[in-house]
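Working notes, beginning with the structure itself.
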Amino acid sequence: MKSAFRSAICTKLTFSFRSLNPTPHRSSLVLPPYYAAVYPGRPSTLTSMAGGESGSNTPPSPTVHTLEKQFEVFQHKLSDSGTLRERIRGVALEIESATRLMQSSLLLIHQSRPIPEVLEKANGQIVVLRELFAKLAEIISESPGQYYRYHGDWRSETQSVVSLLAFMHWLETESLLLHAEAEEKLGCMFHLPFKFQLQLNNVQLA
Numbered sequence: 007m008k009s010a011f012r013s014a015i016c017t018k019l020t021f022s023f024r025s026l027n028p029t030p031h032r033s034s035l036v037l038p039p040y041y042a043a044v045y046p047g048r049p050s051t052l053t054s055m056a057g058g059e060s061g062s063n064t065p066p067s068p069t070v071h072t073l074e075k076q077f078e079v080f081q082h083k084l085s086d087s088g089t090l091r092e093r094i095r096g097v098a099l100e101i102e103s104a105t106r107l108m109q110s111s112l113l114l115i116h117q118s119r120p121i122p123e124v125l126e127k128a129n130g131q132i133v134v135l136r137e138l139f140a141k142l143a144e145i146i147s148e149s150p151g152q153y154y155r156y157h158g159d160w161r162s163e164t165q166s167v168v169s170l171l172a173f174m175h176w177l178e179t180e181s182l183l184l185h186a187e188a189e190e191k192l193g194c195m196f197h198l199p200f201k202f203q204l205q206l207n208n209v210q211l212a
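Residue numbers for the sequence shown, in the numbering used here: 7 to 212.
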């Protein structure tokens, strides 16, 4: 009843305004407070929607291009790092294979074989290991300043090699293997922009 009564009042007021001014101007119409509250105008909404549509066609900001370029550079570096790590791991696997052959040769010491004979077979793998460490040094030299970043990829294999070298050195001289002697046997001091060194902790842990 109340809504119908209010609608009737609004209709009556509208006809009254039109009778006073048959062709009223838009700005001359004054709506009742209730009608204005129920049916508010929406020019601001339409304006904001139009602004949003026009804004979607604006070109990307320079910041977007900068971020895309930085992401491309990062992706390229990540790909290069993965490739380099795979090459290092390939050499590390070869070092591990040569170490196993050396270890199998040293097992003959338990069969009462002459020590010179046992050491002769094991020393044959030292030449192979020197070549592999030289190859590893060449790969690392391609990324200056990244030595310790990839050091963990061949550290355990190096410790195994040094352990066998220390055992062979003791069989031959009955003395402990020194750090400098281990470097000399493996040829880990190369004439490169950096020194591919045999880390001291690798000798100590061996």
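Backbone N, C-alpha and C define an ideal beta-carbon position, used for all residues, glycine too.
Alpha carbon of valine 79 to alpha carbon of tryptophan 176, nearest angstrom: 51 angstroms
Apply the 10 Å Cβ neighbour rule to leucine 84 and answer buried if 16 or more other Cβ atoms are within range, or exposed otherwise. exposed
Serine 50 burial status per 10 Å Cβ neighbour count (16 or more: buried): Reliability of the predicted coordinates at serine 50 is poor, the pLDDT of 45 falling under 50, and the value obtained from them is presented with this limitation in mind. Label assigned to serine 50: exposed.
Tell me the residue span of the alpha helix (DSSP H) that contains aspartate 86. 68-112
Just to confirm my understanding: we take lysine 191, look at its own chain, exclude 5 residues before and 5 after, and list those with CB closer than 7 angstroms. What are they? Ile132 and Leu171
Residue burial classification, threonine 89 (beta-carbon count within 10 angstroms, cutoff 16): exposed
Just checking my contact of tyrosine 156 with isoleucine 94 at CB under 8 angstroms: how many whole Å lie between their CB atoms? 5 angstroms
Who are the Cβ neighbours of isoleucine 145 in its own chain at under 8 angstroms, not counting the five residues just before and after it? Leu90, Arg93, Ile94 and Val97
Local Cβ density within 10 Å of serine 25, reported as buried at 16 or more and exposed below that: Legend: pLDDT at serine 25 = 47, less than 50; position of this residue unreliable, value from coordinates given subsequently. Classification of serine 25: exposed, given that the 10 Å Cβ count is below 16.
Using three-state DSSP, classify leucine 192 as helix, strand or coil. helix
Quick check on leucine 138: buried or exposed, where buried means 16 or more other Cβ atoms within 10 Å of its Cβ? buried
Helix, strand or coil for serine 162 per DSSP? helix
Just to confirm before moving on: does the CB-CB distance between leucine 135 and valine 167 stay below 8 angstroms? yes
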